[in-house]
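Data block below; observations after.
Protein chains in written order, with the working numbering: chain P, 28 to 272; chain B, 406 to 711.
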């Protein structure tokens, strides 16, 4: 545990140089969408709750499917693996430290947005909301881990990962409502795990469901388990540089 | 007797069929510095990566304190500190923070941590740049930082891949002094620098195309092949010296301005020649190589590659 804590402290120090990326991914990009929505005007009290729940998920995408995924990809580069070979810490321990670091970074924004979205909602089921936040963190973190492990080339990752994050945001009702969309588009949205995270959060805040909440929990749970198994398999190979040959 | 580090019949074949290591056997004991030399692509770094557990051996095994590392992989990180060949650094961390984290991962805390950190910065000469971030370091300073990380962790085994390349001669000499004073450790050095290997290593393994083609002390290796003795000198009286050279009939003779280069087949002929020159023309400058470790290694490499 000591090594994990030291790993988190090291990652926080390492993030100093990337502070503007962190601010952009966690605050500026997600908030810019809210800003555009607010420009439309005629915002009801209830809409604020809707947009803030969208912001929670958008900031998780920025943090995990964006920054974290790029960091995992960076970690898996041969020269970075070799650099970490100079320290008395294993790659799985580093990965746990990274995951916890990015969760910690996201917490203040999530906590504040959660409080406000509950405050402005007409209805709130705190148990489902909390469960929704936890499963959203795990699902989007897993997605980031998967992307980071899948894209082996760091230069490609820097282009592909922001594009995928943008796709995840676009094909999910983060800042728009699904009620008036056609059926085909709704089906496409349901492939995106982000839609299910939003579904759970919004149902807990009294918004109409896109699909039954049980299906969303099931979908996300299966996704988390599958990616967890994939990650374990990736790291099970003790000889980590082998995969590059 | 348990050897600290033992490599037994190690073979590594990459999926493309390239044999990077071929039946390598190396034993390193406490207090000994072992050198691995060889041309680029000889398989030195592949060998090190297998010792570090980053690459899997195709066959053979590596033992640390008599234990097979494939069965007990945790022994690697516990016992080995490593300075890689590539210039690597944590861009955002300062020199001080990098060394501090290396120590904290080893369990150092509080007073012990600050004392060790201070000591590390002082002996490495990095004190003056302790607040520089990784990305601000010159390649030489980044290399020095990697070496400091390896030294400061105080593990029983040190693996140094090209440790002093890119370092200035003063820092290089300082690092050599530190390595030569590590009496209670196992040190494995991979290097292209023959001077470094000759100065530091008790035993040397020459690897070419993944195979060990020569092993022994630098002195042993120097005498593997019959090599000419080379003498470079500046006489006090050039005309007289030239006459002596013509009379001595060396196997090679070159004169550039007042610098004479001559070669003889054996050491005795060379010594007799120096005596003769000194008595006839006097000597202002003299350099003798007999036999040269560097040239023998070069000859061995050329022989195998050519």
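Just so it is clear, CB atoms sit at the ideal spot from N, CA and C, and this is done for glycine as well.
Which of the three DSSP states is assigned to residue 440 of chain B in this structure?
On the second chain, residue 440 of chain B is found 35 positions in, with the first residue counted as 1. The answer is strand: DSSP assigns residue 440 of chain B an E or B state.
Let me make sure I understand the geometry here. Which of P/208, P/205, P/167, P/206 has the alpha-carbon closest to that of residue 191 of chain P?
For this step, residue 191 of chain P is matched to residue 164 along the first chain. That would be P/167, whose Cα lies nearest to the Cα of residue 191 of chain P.
Taking the alpha-carbon positions, what's the residue 646 of chain B to residue 627 of chain B distance?
Position 241 of the second chain, counted from the first residue, corresponds to residue 646 of chain B. Position 222 of the second chain, counted from the first residue, corresponds to residue 627 of chain B. Each residue's alpha carbon lies about 29 Å from the other.
Following the continuous alpha helix (DSSP H) through residue 74 of chain P, name the residue where it begins and the one where it ends.
Numbered from 1 along the first chain, position 47 holds the residue referred to as residue 74 of chain P. Unbroken alpha helix (DSSP H) run through residue 74 of chain P: 72-87.
Within 9 Å of any Cβ in chain P, is that where the Cβ of residue 537 of chain B sits?
By one-based count along the second chain, residue 537 of chain B stands at place 132. Chain P, which has no Cβ nearer than 9 Å to the Cβ of residue 537 of chain B, makes this no.
What residue range is occupied by the uninterrupted alpha helix (DSSP H) comprising residue 615 of chain B?
By one-based count along the second chain, residue 615 of chain B stands at place 210. Taken as a continuous stretch (DSSP letters only), residue 615 of chain B belongs to no alpha helix (DSSP H), as it is neither H nor E.
For residue 665 of chain B, which three-state DSSP category applies?
Position 260 of the second chain holds residue 665 of chain B. Residue 665 of chain B: strand per DSSP, three-state reduction.
Can you check whether the C-beta of residue 711 of chain B is within less than 9 Å of a C-beta belonging to chain P?
Reading the second chain from its first residue, position 306 is the one you call residue 711 of chain B. Low per-residue confidence applies at residue 711 of chain B: pLDDT is 49, beneath 50, and the placement is therefore not dependable, though the value from the model is reported in the following sentence. Output row for residue 711 of chain B: interface = no.
How is the beta strand (DSSP E) around residue 638 of chain B delimited, first residue to last?
Against the second chain, residue 638 of chain B aligns to sequence position 233. From DSSP, the beta strand (DSSP E) with residue 638 of chain B extends over 634-640.
Just to confirm my understanding: we take residue 689 of chain B, look at its own chain, exclude 5 residues before and 5 after, and list those with CB closer than 6 Å. What are they?
To locate residue 689 of chain B, count along the second chain from 1; it is residue 284. Closer than 6 Å at the Cβ level, and outside the excluded window around residue 689 of chain B, lie 639, 641.
Proximal residues of chain P, C-beta to C-beta of residue 558 of chain B below 9 Å:
By one-based count along the second chain, residue 558 of chain B stands at place 153. Within 9 Å Cβ-Cβ: 113, 114, 115.
Give the DSSP-derived three-state secondary structure of residue 520 of chain B in the structure shown.
For the purposes of this step, residue 520 of chain B is taken as the residue at position 115 of the second chain. Helix at residue 520 of chain B.
Own chain residues within Cβ distance below 6 Å of residue 70 of chain P, not counting five before or after:
What you label residue 70 of chain P is simply residue 43 of the first chain in a count that begins at 1. Once the five neighbours on either side are set aside, residue 70 of chain P has no close Cβ partner at all.
What residues in the segment 478-490 of chain B have a beta carbon less than 8 Å from any beta carbon of chain P?
478, 482, 483, 486, 487, 488, 489
Given a cut-off of 9 Å on the beta-carbon distance, is the pair residue 551 of chain B and residue 489 of chain B in contact?
Counted from its first residue, the second chain places residue 551 of chain B at position 146. Counted from its first residue, the second chain places residue 489 of chain B at position 84. Yes. Within cutoff.
Compile a chain-ordered list of the residues in the segment 492-525 of chain B whose CB is closer than 8 Å to at least one CB of chain P.
493, 494, 495, 496, 497, 498, 502, 506, 507, 509, 510, 511, 512
Residues within the segment 147-177 of chain P neighbouring chain B, beta-carbon criterion of under 9 Å
none
When you compare the CB positions of residue 581 of chain B and residue 604 of chain B, do they come within less than 9 Å of one another, or not?
One-based indexing of the second chain puts residue 581 of chain B at position 176. One-based indexing of the second chain puts residue 604 of chain B at position 199. Cβ atoms of residue 581 of chain B and residue 604 of chain B: closer than 9 Å.
Contacts that residue 33 of chain P makes with chain B (C-beta to C-beta distance below 9 Å)
Position 6 of the first chain holds residue 33 of chain P. By Cβ distance, chain B contributes 506, 509, 510.
Going along the chain, which unbroken runs of the alpha helix (DSSP H) with 4 or more residues stay wholly within the segment 453-502 of chain B?
479-484
Compute the distance between the beta-carbons of residue 456 of chain B and residue 442 of chain B, then report whether it is under 9 Å.
Your numbering for residue 456 of chain B matches position 51 in the second chain. Your numbering for residue 442 of chain B matches position 37 in the second chain. No, these two residues do not count as a Cβ contact at 9 Å.
Along chain P, in chain order, which residues have C-beta atoms closer than 7 Å to that of residue 611 of chain B?
One-based indexing of the second chain puts residue 611 of chain B at position 206. Under the 7 Å cutoff, chain P gives no residues; its nearest Cβ is about 24 Å from residue 611 of chain B.
What does a CB cutoff of less than 7 Å around residue 649 of chain B pick up in its chain, not counting 5 residues either side in sequence?
The residue given as residue 649 of chain B occupies position 244 in the second chain. For residue 649 of chain B, where only same-chain residues beyond five positions count, the Cβ hits under 7 Å are 681, 682, 685, 686.
Residues bridged to residue 396 of chain B [DSSP beta-bridge criterion]:
Outside the shown range of chain B (406 to 711) lies residue 396 of chain B, about which nothing can therefore be said.
Listing by chain order, which chain P residues have their CB less than 9 Å from the CB of residue 562 of chain B?
Looking up residue 562 of chain B in the second chain gives position 157. Within chain P, no residue comes near residue 562 of chain B; the closest Cβ sits about 13 Å away, beyond 9 Å.
Suppose you measure from the CA of residue 87 of chain P to the CA of residue 459 of chain B; what does that come to, to the nearest Å?
Position 60 of the first chain holds residue 87 of chain P. Position 54 of the second chain holds residue 459 of chain B. When rounded, the distance between both Cα atoms is 33 Å.
One question on the structure: do residue 52 of chain P and residue 98 of chain P come within less than 9 Å of each other, judged by their Cβ atoms?
As a first step, residue 52 of chain P must be located in the first chain, where it is residue number 25. As a first step, residue 98 of chain P must be located in the first chain, where it is residue number 71. Contact: no.
Does the beta-carbon distance from residue 158 of chain P to residue 227 of chain P come in below 9 Å?
Locating residue 158 of chain P in the first chain gives position 131, counting from the first residue. Locating residue 227 of chain P in the first chain gives position 200, counting from the first residue. Their beta carbons are under 9 Å apart, which means residue 158 of chain P touches residue 227 of chain P by this criterion.
What residues match up with residue 424 of chain B in a beta bridge as DSSP calls it?
Numbered from 1 along the second chain, position 19 holds the residue referred to as residue 424 of chain B. Residue 424 of chain B pairs with B/418.
Residue range of the beta strand (DSSP E) that residue 564 of chain B falls in?
One-based indexing of the second chain puts residue 564 of chain B at position 159. Element bounds for residue 564 of chain B: 562-566.
Identify which residue in B/432, B/423, B/417 has its Cα closest to the Cα of residue 411 of chain B.
Translated into positions along the second chain, residue 411 of chain B becomes position 6. When only C-alpha atoms are compared, the closest one is B/432.
So what's residue 657 of chain B in DSSP terms, helix, strand or just coil?
Locating residue 657 of chain B in the second chain gives position 252, counting from the first residue. Here residue 657 of chain B sits in strand by DSSP.
9 Å is my cut-off, CB to CB: does residue 123 of chain P come that close to chain B?
Against the first chain, residue 123 of chain P aligns to sequence position 96. Cβ-Cβ to chain B under 9 Å: no for residue 123 of chain P.
When you measure from the CB of residue 703 of chain B to every non-hydrogen atom of the ligand SAM, does any distance come out below 8 Å?
Ligands displayed in this structure: none; no statement on the ligand SAM is therefore possible.
Less than 9 Å separating the beta-carbons of residue 452 of chain B and residue 106 of chain P?
The residue you call residue 452 of chain B lines up with position 47 of the second chain. The residue you call residue 106 of chain P lines up with position 79 of the first chain. No, the Cβ-Cβ distance between residue 452 of chain B and residue 106 of chain P is not below 9 Å.
Just the C-alpha distance for residue 537 of chain B and residue 516 of chain B, rounded to the nearest angstrom, thanks.
For the purposes of this step, residue 537 of chain B is identified with residue 132 of the second chain, where counting begins at 1. For the purposes of this step, residue 516 of chain B is identified with residue 111 of the second chain, where counting begins at 1. About 23 Å.
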